[in-house]
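> Residue numbers (the numbering used here): 16 to 592. Please read through the structure below; I'll follow up with questions.
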């Protein structure tokens, strides 16, 4: 997958104010260090007077105050930028997700996406607010000390950096190994997050089959893998870091040897010797810390890559036109579609749904009914042929236009953990309480709501857990009534519910369908016998279409489905003799 530069990197490079203040703080730190060196030099020369001590003392105090001030403001700005980036990145991801085709979400697991939005974005804040300032500090200090030591004696400066090339070579050698380690670590976190989300969602099934279920062992196994990789990664980081630190520490030995030789030959003074040792100690300490921060760079790089697996996906762009839709007739012209190149779900389908008509799609599972609805909603584009609404190609409509034309009531209704009223108002956020109540009445929902203690202010629970399947379906229908779109798709909205709720939903659908183009995907054939058009599908093809009586006489598959439905309706348990 081709990725593009994400907004994360722009924020990272745009944090200039914090960098400038941090550089100023470090520069003052080096200045104060050289002031101390000056005091030592004057002391060894027996020129340190009381007045000079006071003057140097004031200078050092001022330097420390300025250093602390610049450092504090630098961290403040860095943290503000980091926390702002969290919000901005998450908003960018969420807005980008809305633009991506449905196929993207079929390929990615919820746990994986949640892990990126939560864990990986948090790692950006950790890097920008904590690791980046430290990296900047530990990079500038050695550079400034090296420049300062050049003025003391260039030979001592070169001796101080003598082992740095070895450190750089070792770092490059270990970098690939660290990248592989962190890559496996990230994969383990991803698997653990995915399995935990799936485990929580399926907890009722797990409890129902607790005697034989193996899902808990699988989740625990992934957690053990995570622990194993953490230990392995820690070992894989600490040992190379120790080797790199040892190579850096070798610079001090080289400096001491060179400085001692120069001192014994009277090529440098004792003051230069002492200054070089002190500066080398600070230099090596900073460089050692810098090498230990390499893992932060690697983690940040992996984090950027993970975020770019979302932000780097090109959105589904439509060649939108300003052509107005004059009617809500729907036409399929020679449409062929498959979720992959090998298997075609729809095969050369020609079909039309007239304005203000009631239509039904029937057929066995996998025959292409829901795929037909998905193409009308613009979730996918056909590989061949055209889907039109009012004569306009669906591919030339943007999401807003399609959203105004088409609404769908799905078999699995998702409700947010907010009030019933707010869930209904998703259909029209500007609706009044009275309009919500009218929609609820038409959806056969008002009486049930009024029996609740908090009425329309009742929280429905996560995913609508406090409501039955039929009640959730009717809330979805109330949303559609408020939205008032001219085309309504009902995707098996009466399946898997009790007869009473089916009766109420059917009444709600009757209220919903006035002056609308209705497309019902149904398994219960008794609910669609009065439809203006029934389309019978099998293996991605249309094998019959017409009214109920016509299909009974002319479509063998429909007749067979009807007979099987009657057998199910009359099925009863007989007592074994």
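Built from N, CA and C at the ideal position, the CB exists for glycine as well. All values reported here derive from a predicted model rather than from experimental measurement.
Which two residues bound the contiguous alpha helix (DSSP H) that contains residue 455?
Within the chain shown, the letter at position 440 stands for residue 455. That run of the alpha helix (DSSP H) goes 448-457.
> Alpha carbon to alpha carbon, how far is residue 406 from residue 559? Give it in angstroms, no decimals.
Along the chain shown, read from residue 1 onward, the residue named residue 559 stands at position 544. Along the chain shown, read from residue 1 onward, the residue named residue 406 stands at position 391. So the alpha carbons of these two residues sit roughly 24 Å apart.
> Thinking C-beta only, is residue 263 closer than 8 Å to residue 178?
Counting from one through the chain shown, the residue named residue 178 turns up at place 163. Counting from one through the chain shown, the residue named residue 263 turns up at place 248. Result yes, Cβ atoms of residue 178 and residue 263 sit closer than 8 Å.
> For residue 374, write down the residues that DSSP places opposite it in a beta bridge.
The count along the chain shown starts at 1 and reaches residue 374 at position 359. 534, 548, per the DSSP bridge assignment.
> To the nearest angstrom, how far is the alpha carbon of residue 378 from that of residue 318?
Locating residue 378 in the chain shown gives position 363, counting from the first residue. Locating residue 318 in the chain shown gives position 303, counting from the first residue. Residue 378 and residue 318: Cα-Cα distance of roughly 46 Å.
> Which value, in whole angstroms, describes the spacing of the CA atoms of residue 456 and residue 447?
Counting from one through the chain shown, the residue named residue 456 turns up at place 441. Counting from one through the chain shown, the residue named residue 447 turns up at place 432. C-alpha separation (whole angstroms): 14 Å.
> Kindly list the residues whose CB is nearer than 6 Å to the CB of residue 303, restricted to its own chain and excluding five residues on each side of it in sequence; keep chain order.
Taking the first residue of the chain shown as 1, we reach residue 303 at position 288. For residue 303, same chain residues with a beta-carbon under 6 Å away, outside a window of 5 residues either side, are 260, 263 in chain order.
> Just verifying my parser: in three-state terms, what is the DSSP assignment at residue 322?
Reading the chain shown from its first residue, position 307 is the one you call residue 322. Residue 322: helix per DSSP, three-state reduction.
> By Cβ distance below 7 Å, which residues in the same chain neighbour residue 396 in space, the five residues on each side in sequence not counted?
Working through the chain shown from its first residue, we reach residue 396 at position 381. Cβ within range, chain order: 410.
> Can you give me the start and stop residues for the beta strand (DSSP E) that residue 367 sits inside?
As a working note, residue 367 is residue 352 in the chain shown. For residue 367, the enclosing beta strand (DSSP E) has its first and last residue at 361-368.
> Please report the residue range of the alpha helix (DSSP H) in which residue 387 lies.
The residue you call residue 387 lines up with position 372 of the chain shown. Segment 384-391, the alpha helix (DSSP H) holding residue 387.
> What is the DSSP secondary structure of residue 557, reduced to helix, strand or coil?
Locating residue 557 in the chain shown gives position 542, counting from the first residue. It is a strand residue.
> Is the beta carbon of residue 92 sitting closer than 8 Å to the one on residue 32?
Here residue 92 refers to the residue found at position 77 when the chain shown is read from its first residue. Here residue 32 refers to the residue found at position 17 when the chain shown is read from its first residue. A contact, by the Cβ cut-off of 8 Å.
> Determine whether the beta carbon atoms of residue 349 and residue 363 lie at a separation below 8 Å.
For the purposes of this step, residue 349 is taken as the residue at position 334 of the chain shown. For the purposes of this step, residue 363 is taken as the residue at position 348 of the chain shown. Yes, the Cβ-Cβ distance between residue 349 and residue 363 is below 8 Å.
> Does the region 163-179 touch the region 129-149, meaning 3 or more C-beta pairs lie closer than 8 Å?
no
> Give me, in chain order, the residues of the same chain whose beta-carbon lies closer than 8 Å to that of residue 108; leave out the 5 immediate sequence neighbours on both sides.
Within the chain shown, numbered from 1, the residue matching residue 108 stands at position 93. The beta carbon of residue 108 sits closer than 8 Å to those of 131, 132, 136, 322, 325, 326, all from its chain and outside the five residues before and after it, given in chain order.
> Taking C-beta to C-beta, are residue 424 and residue 488 nearer than 8 Å?
Your numbering for residue 424 matches position 409 in the chain shown. Your numbering for residue 488 matches position 473 in the chain shown. Result yes, Cβ atoms of residue 424 and residue 488 sit closer than 8 Å.
> What did DSSP end up calling residue 66 once you bin it into helix, strand or coil?
Taking the chain shown and counting its residues from 1, one reaches residue 66 at position 51. Looking at residue 66 - three-state DSSP - the assignment turns out to be helix.
> Do residue 533 and residue 373 have their CB atoms nearer than 8 Å?
The count along the chain shown starts at 1 and reaches residue 533 at position 518. The count along the chain shown starts at 1 and reaches residue 373 at position 358. Cβ atoms of residue 533 and residue 373: closer than 8 Å.
> Give the range of the alpha helix (DSSP H) segment to which residue 139 is assigned.
Position 124 of the chain shown, counted from the start, is the residue given in the question as residue 139. Note, residue 139: alpha helix (DSSP H), 136-141.
> So, is residue 438 buried or exposed, given that buried needs 16 or more other C-beta atoms within 10 angstroms?
The sequence position of residue 438 within the chain shown is 423, counting from 1. Buried is the call here.
> From the DSSP output, in three-state form, read off residue 315 for me.
Translated into positions along the chain shown, residue 315 becomes position 300. Reduced to three states, the DSSP call for residue 315 is helix.
> What span of residues does the alpha helix (DSSP H) with residue 492 cover, start to end?
Your numbering for residue 492 matches position 477 in the chain shown. 484-498 is the extent of the alpha helix (DSSP H) around residue 492.
> Would you be able to state if there are at least three C-beta pairs under 8 Å between the region 383-398 and the region 560-573?
no
> Given 8 Å as the limit, is there contact between the region 287-304 and the region 80-97, that is, 3 or more CB pairs closer than that?
no
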